[in-house]
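Residue numbers (the numbering used here): 195 to 1041. One structure is given below, encoded as structure tokens.
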RNA sequence: GCCCGGAUGGUGAAAUCGGCAGACACAGCGGACUUAAAAUCCGCAGACCUUUACCGGUCGUGGGGGUUCAAGUCCCCCUCCGGGCACCA
């Protein structure tokens, strides 16, 4: 290039990320120690910075870019603050897409997955992310999934892994079972238009409900987690205190001698005017066997309920019921009440049976109105409470007392609940109890690409009980070259060498379990493996895990608020009880970043609004792409991707580059300049630098509003540019120039690592910029000499006056009164009151 | 229905503890440089009224009320948008 002879800006020195970034990437890739975590023997405090591991689809998307830009900035900052940082990455590599891709491209899942991992790793390196690749974890490799199997055996030993026949969500498209959490709106989470069916299958489960109380109680202590996530988990666990009460069935048939109802309002039991059963309740079934006409009606109700469940319209289902013609006896008052079967009673919550109290429950009221059942009031507002809230149904329990309830009359509702539950227990027809919405975790999947479950079935020696594979036989390798083109049944069931096995107990012929594990198993403990990823004797070394855990900061999308994060908490508690670790919770702090939006909606292939990170990097560089992801919005909010914005950041980085090339080459070795004779320009530069250091340090340590951190760096650069002429003229000392450019580069390092490394080298900085101590804000240098004070008259701005920074109240007031404009406003008025907030404002209240 | 978020210029946003609303950017407009364009640099920029211009004024943070010398910020009521949960007894 030619023609641009003027001064410093020759073409060859222009900011060119396409040249700078690959050069530095090569340097970093060649140095495995750069981002390596140190051992516990280091004297430094530890910091475990973790971003959620991606599914290796083959392509990073902008959500990843955002997630990892946040984590990377934090990790680099913590390093510069002198911490021993663990910043690992891995691959959630099992799961259905690999099988789908295999069908489509005739590529085996393993090959497809490993190829994708390689591609995404390249993208991550291009992004300049500071991962410790020595601790990389890939969940689909036997080195990892053998420990899934090991944990399964431990859980089986402790009775935490068990089999039961259960109604399962079946996606016809996936031809597999889905967890409740994978059913969204009655449809499959992967096939949004495919309605999930109910099927009966024998499945493996993890007894997460055993930890229900602890999972719930632990949420209160997770103060570093978003309240939103904690609330979602609380709702998911759905703990509910109530009472079980037995109603005897009149003229009992077979097993159907009593009906146990679950209620949270046992205080209303004198108002119970019917018992309502779920269609699938054993007593419903027993009645149906005796009466064909009734059976048909009950089946009808069941069909309605299932259909509603499938379309997720359960909340809106029209209530239907059928009177069985039979009666149950209320043990509290000996009264006969009719037994109904209804479509809105769920078999899998509580006991599948309720007592219906129309006067004090919305749903019961609606049902009773429809079928003309008796509505009997047994609760009234406590005296002194106004009666308007007492219209039926009256559901209050505070400030409300019992009536028409025999010996319990006059008791407050809450007190009555405890006393009546105790009474039921004493008399042997009930007890206080706790019910959960949380269900045990179904982990069986009838798929190929997952961890084989390490159990065998032997008809000879153990026809009823599955047998665990001995630990010494692990891993049970997932066979390769399996035909996964057939869609029905487990693919592994068709591999004879896999299925046929010698019984570990009797040595005879036995069959292997052919289901694989839910991939949420993989992601429930991967972050422990990061602490010791190469260990072949154990999932990890306890000392190492205990050094690093809990995770100091976990960063990811809010879509994992329930599933992944509750399973991870469960797994941590199980591992603690196995004696492997000491912590009760996996992560001290959790951060959920917002979505990346384009043209008003979430980026997705179907909407065709996907922006490729590779394109952005090719056009503007990785630094600009990452920095934009942090600049465009605070990290917890949704971010609108605007390509022009990335261009703006790129322009800003060019400015920085130009200025450092021009002035920074003087070097960074000397950092102190408290030269008393520093020029006004020099003082202004140092003042802005130290203000910026304070601001960014505060952002990192506090609320993570990196958008304002970056804007403050821009302000600093604007200040530098404004003093360019003064620097040209030699009015600013070399020391001040050095300090300013050195500080600027260090502040930039967490956000734009490539450029920071480049500039550091240009300036002759010692060592690696990312291991250089984070600059410290000098309050003395940051202090303003003069500040502007707004002066208001009756709360309206009159003028702004300049005063020395340390002015006291009287001086500020005097300066305000001395101002001409202010004086004009005050003319002829009576000053009633003067408010002076030192350093902030003056307000004259006049009449 | 319940529980969380959110609503500020043309756009993304800032205002962290009740103290100058719109920092910093994007887009736009004007200018410098250039044969020209790109790039770069400088400047303008909430709306409205007034004014040749300067100056000046009024309104303004989804809507309505309130507290206060002072409200985007606190309190009460309402609207809309996003997310989660939902006959869970």
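Cβ atoms here follow ideal geometry from the backbone N, Cα and C, with glycine treated the same way. For clarity, every value in this text was computed on a predicted model and none was experimentally measured.
Counting along the chain, where does the alpha helix (DSSP H) carrying residue i start and finish?
i, result
"residue 446", "Premise fails: residue 446 lies in the beta strand (DSSP E), 434-447, not in any alpha helix (DSSP H)."
"residue 484", "476-484"
"residue 849", "837-857"
"residue 887", "874-895"
"residue 718", "Element bounds for residue 718: n/a, residue is neither H nor E."
"residue 768", "757-771"
Quick one: what does DSSP say residue i is sitting in, helix, strand or coil?
i, result
"residue 247", "coil"
"residue 391", "strand"
"residue 458", "coil"
"residue 397", "strand"
"residue 519", "strand"
"residue 310", "helix"
"residue 224", "coil"
"residue 1035", "strand"
"residue 668", "coil"
"residue 596", "strand"
"residue 788", "coil"
"residue 947", "helix"
"residue 451", "strand"
For the beta strand (DSSP E) that contains residue i, what are its first and last residues?
i, result
"residue 334", "Per DSSP, residue 334 belongs to no beta strand (DSSP E) and is neither H nor E."
"residue 430", "It is not in any beta strand (DSSP E) - residue 430 instead sits in the alpha helix (DSSP H) that spans 421-431."
"residue 993", "990-998"
"residue 534", "530-536"
"residue 575", "573-575"
"residue 984", "980-987"
"residue 695", "694-696"
"residue 469", "468-471"
Kindly identify the DSSP beta-bridge partner or partners of residue i.
i, result
"residue 711", "638"
"residue 649", "662"
"residue 783", "418"
"residue 240", "278"
"residue 356", "399"
"residue 625", "438"
Could you give the distance in angstroms between the alpha-carbon of residue i and the alpha-carbon of residue j?
i, j, result
"residue 425", "residue 416", "11 Å"
"residue 732", "residue 765", "16 Å"
"residue 1032", "residue 1000", "9 Å"
"residue 294", "residue 711", "18 Å"
"residue 555", "residue 616", "23 Å"
"residue 603", "residue 574", "10 Å"
"residue 582", "residue 590", "Caution applies to residue 582, whose pLDDT of 47 falls short of 50 and renders its modelled position unreliable; the value that the coordinates give is listed next. If I take the Cα positions, the gap works out to 12 Å."
"residue 970", "residue 271", "13 Å"
"residue 609", "residue 468", "24 Å"
"residue 366", "residue 386", "12 Å"
"residue 255", "residue 430", "29 Å"
"residue 664", "residue 237", "41 Å"
"residue 779", "residue 414", "12 Å"
"residue 546", "residue 637", "24 Å"
"residue 866", "residue 930", "Low local confidence applies: a pLDDT of 48 at residue 866 is under 50, so the model's placement there is unreliable, with the coordinate-based value given in what follows. Their Cα atoms are separated by approximately 8 Å."
"residue 523", "residue 453", "9 Å"
"residue 1016", "residue 992", "6 Å"
"residue 476", "residue 486", "16 Å"
"residue 687", "residue 249", "26 Å"
"residue 1024", "residue 1037", "13 Å"
"residue 792", "residue 833", "8 Å"
"residue 950", "residue 815", "13 Å"
"residue 862", "residue 319", "Its pLDDT being 47, under 50, residue 862 is placed unreliably by the model, and the measurement read from it follows with that caveat. Approximately 28 Å between the Cα atoms of the pair."
Query raised in the report: How about the region 343-359 and the region 297-316: do they share at least three Cβ pairs that are nearer than 8 Å?
Result: Too few Cβ pairs lie closer than 8 Å, so no.
Query raised in the report: For the 8 Å Cβ check, are there 3 or more pairs between the region 920-932 and the region 993-1011?
Result: Put simply, the region 920-932 does not touch the region 993-1011. Fewer than three CB pairs are less than 8 Å apart.
Query raised in the report: Would you say the region 433-447 touches the region 764-782, given that touching needs at least three Cβ pairs under 8 Å?
Result: The region 433-447 makes no contact with the region 764-782; the number of CB pairs closer than 8 Å stays below 3.
Requested in this report: Answer yes if the region 872-883 comes into contact with the region 973-981, meaning at least three C-beta pairs across the two stretches below 8 Å, and no otherwise.
Outcome: Contact between the region 973-981 and the region 872-883 is present, because at least three Cβ pairs lie under 8 Å.
Requested in this report: Answer yes if the region 237-251 comes into contact with the region 743-752, meaning at least three C-beta pairs across the two stretches below 8 Å, and no otherwise.
Outcome: These segments touch.
Requested in this report: Give a yes or no on contact between the region 471-485 and the region 526-545, applying the rule of three or more CB pairs nearer than 8 Å.
Outcome: Taking a cut-off of 8 Å for Cβ pairs, the region 471-485 and the region 526-545 touch, as three or more such pairs fall below it.
Query - Inter-stretch contact at 8 Å, needing at least 3 Cβ pairs: the region 910-917 / the region 954-974 - result: Counting C-beta pairs with one atom in each stretch, the region 910-917 and the region 954-974 have fewer than three that are closer than 8 Å, which means they do not touch.
Query raised in the report: Should the region 893-911 be called in touch with the region 277-290, which here means at least 3 C-beta pairs below 8 Å?
Result: Because the criterion of three Cβ pairs below 8 Å is not met, the region 893-911 and the region 277-290 do not touch.
Query raised in the report: Counting pairs of Cβ atoms below 8 Å between the region 792-812 and the region 843-855, do you hit three or more?
Result: These segments do not touch.
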